[in-house]
Structure formats: C-alpha cells, structure tokens
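Below is one structure, written out as structure tokens; the observations come after it.
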Amino acid sequence: MPEESPSIVHDVSVAAAVGRRALPNRLCTAFRQSLGARRAALSWLPRLEHWQLLHATDEPALQAEAAQFTRADGPSVSAALGMRPVFVPDLRDYPCRTGTPLSDELPGTRRVLALPLHARHTPVGVLCLYYSERTEVTPTHITHAQRAAGLALEALMRWRPVHAGTGCRRPMWTTSTRAARWERIHQAADHVAARQDCAVAEGLAWLQGVSARDGLSLLDVADTVLQPSHVRHADESEEGSGRERVGGSVA
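Just so we're aligned: 310 in our numbering is position 64 of the sequence shown, and the numbers increase by one with no gaps anywhere.
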C-alpha cells in the first residue's frame with residue numbers, strides 16, 4: 247500500500263536535496279517506495295525526437311520504457327506528449343493502436359502510472375511507475391505525485407548541466423536502433439502536425455491510425471510520410487523496370 251499521499255512530496259524533496267550524481271536513481275526510488283510501485287523508470291526528452299533513459303530501477307523497467315518508446319505508444323509516451331498524468335488500472339485493458347497488446351511486452355505489470363515532466367508547455371520527460379499487484383492508487387495519490395514530479399523536474403534541471411554530461415552513465419540505446427526508431431516516428435508526427443496544423447500528439451495518433459488501418463508497422467508509415475513522393479515514384483519505377491528486365495512485361 248502507498249504511504250499517505252503527502253509523503254511523496256516530502257520524500258522527493260529529500261531525494262532532490264541529496265541526490266547529486268545519483269539524482270535519477272534517488273528520484274525513482276523515492277517515487278517507487280512512496281507510491282507502492284514495484285519498479286520505476288525516468289525517461290528524458292531533451293528534444294521530443296531524442297529519447298534517453300536516465301534511470302530504471304531494474305531490467306524489466308528498462309525494457310518497459312524501451313518497448314513503449316520503440317512503438318511510440320503506451321502510458322509513458324501518452325503522458326509525456328499530452329503533459330498530463332496517465333493511470334492505467336489494468337494494463338490488459340490498455341487500448342494499443344499498433345502491434346501486440348502492451349501487456350505482452352510488459353510481463354508481470356498490472357498497473358501503470360506515468361507522470362509527465364514539462365516546462366513552459368513543453369514536454370521534458372516522464373517518470374513511470376509499474377505495479378505488479380492491485381495496489382491502491384487514488385486521485386489524491388496522483389495529485390500529490392504530480393506535484394512531486396514538478397519538484398523532481400526542478401532538481402533535474404539544476405542537476406543535468408553539471409552531472410549529465412560526464413557523471414551520468416548513458417543508456418546503451420541513446421544512439422541505438424530503439425532511439426533511432428523513436429526519432430523517425432516523432433519526425434513523421436511533427437511533419438503531420440505541421441501539415442495539418444495540429445498538436446504533435448495528434449500527428450502521432452494519425453500515424454497510429456493509418457498503421458492500424460493498413461496493417462503496416464508504425465515505422466513503415468513514418469518512413470512513407472518522411473520520404474518525398476517523387477522519390478517513392480522513382481523507386482517504384484526503378485523496381486518496375488527491374489521486374490520487366492528480369493521477367494519480361496508485367497501484366
């Protein structure tokens with residue numbers, strides 16, 4: 247059971263005060279213990295198209311964040327882009343718009359609470375809590391947790407310029423395939439948002455809808471949006487010419 251909800255604000259304040267180089271670790275521990283979660287992860291978006299993991303309390307939390315940002319869908323992504331808390335009482339009921347159910351990629355996780363970190367109406371990151379049991383999480387808990395998330399962000403903004411460059415061990419996928427996928431998907435969402443004059447989150451939802459409708463991977467849809475139409479037509483013409491050279495005329 248979580249402790250009395252106001253304690254999360256106190257615990258995070260203490261973690262922020264003594265965190266120093268271990269600040270992401272201390273913040274994740276404070277949120278996890280105060281809110282009764284089994285694991286926690288802190289993801290950072292220095293720019294929306296660049297995703298980094300600052301800390302995960304264990305390997306399953308690490309994989310859970312990676313799964314969500316790779317598919318660009320899940321409570322962490324929704325909370326970060328929407329800049330509002332997202333609580334999923336039962337992960338099996340989470341409406342995934344692309345791919346397999348999210349619960350298949352997060353075994354042992356029953357509930358999820360994602361707390362956005364944002365400044366001046368700009369997403370900065372997200373702290374996600376993963377529950378393996380039906381631990382009670384009330385609206386009061388969420389309200390105090392989001393207030394604590396604001397304190398955590400203030401501490402992170404002071405900490406990062408000093409420690410993140412040299413004193414923070416970077417996650418292995420900062421420049422890996424997972425991060426590259428998120429970058430391409432987000433660039434496509436940003437392109438759609440600019441074209442349709444809507445929020446980036448709405449652009450991402452449009453990509454997910456096309457993916458579900460056409461049975462394509464989200465990455466394939468993103469690549470189609472990012473690739474200029476004349477390049478696609480040239481590629482298709484070249485492929486057609488190749489088929490003709492190999493097998494004769496195409497009916």
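C-beta: ideal position from N, C-alpha, C; glycine also.
- The distance from the Cβ of Val255 to that of Arg441 is about 42 Å, inconsistent with a contact at the 8 Å cut-off.
- Looking only at Thr316, Gly282, Tyr377, the smallest Cα-Cα distance to Ser289 is reached by Thr316.
- Rounded to the nearest whole angstrom, the C-alpha separation of Glu379 and Gln298 is 28 Å.
- Listed as beta-bridge partners of Gly371 by DSSP are Trp290, Leu363.
- With 16 or more other Cβ atoms inside 10 Å of its own Cβ, His301 counts as buried.
- The beta carbon of Leu337 sits closer than 8 Å to the beta carbons of Leu348, Ser349, Leu352, Thr355, Arg356, Arg357, Val358 from its chain, once the five residues preceding and following it are set aside; these are given in chain order.
- Apart from sequence neighbours up to five positions away, the residues of its chain that approach Ala283 with a beta-carbon distance below 8 Å are Phe277, Leu359, Leu375, Tyr376, Tyr377, Thr381, ordered along the chain.
- Rounded to the nearest angstrom, the Cβ distance from Leu465 to Arg430 is 7 Å, consistent with a contact under 8 Å.
- Rounded to whole angstroms, the gap between the alpha carbons of Leu402 and Ile388 is 20 Å.
- With at least 16 other beta carbons inside 10 angstroms of its own, Pro369 counts as buried.
- Of all alpha-carbon atoms in Thr346, Arg427, Phe333, the one lying nearest the alpha-carbon of Gly461 is that of Thr346.
- Trp405 places its beta carbon 8 Å or farther from that of Leu291.
- Per DSSP, the beta-bridge partners of Arg357 are Tyr377.
- It is roughly 15 Å from the alpha-carbon of Ala447 to the alpha-carbon of Ser457.
- With respect to the C-alpha of Ala445, the residue from Thr386, His367, Ser463, Val383 having the closest C-alpha is His367.
- In the three-state DSSP reduction, Arg441 falls in the helix class (H, G or I).
- A direct Cα-to-Cα measurement between Gln433 and Gln309 gives close to 23 Å.
- Cα atoms of Leu273 and His390: separation of roughly 15 Å, rounded to the nearest angstrom.
- In the structure shown, the three-state DSSP call for Arg285 is strand.
- In this model, Leu450 and Ser259 are separated by some 34 Å (Cα to Cα).
- Ala302 carries a strand assignment under DSSP once its states are collapsed to helix, strand and coil.
- DSSP, read as helix, strand or coil, puts Val334 in strand.
- The beta carbons of Val372 and Ala435 sit no closer together than 8 Å.
- Comparing alpha carbon positions, the residue from Leu399, Val438, Val467, Thr275 closest to Arg427 is Val467.
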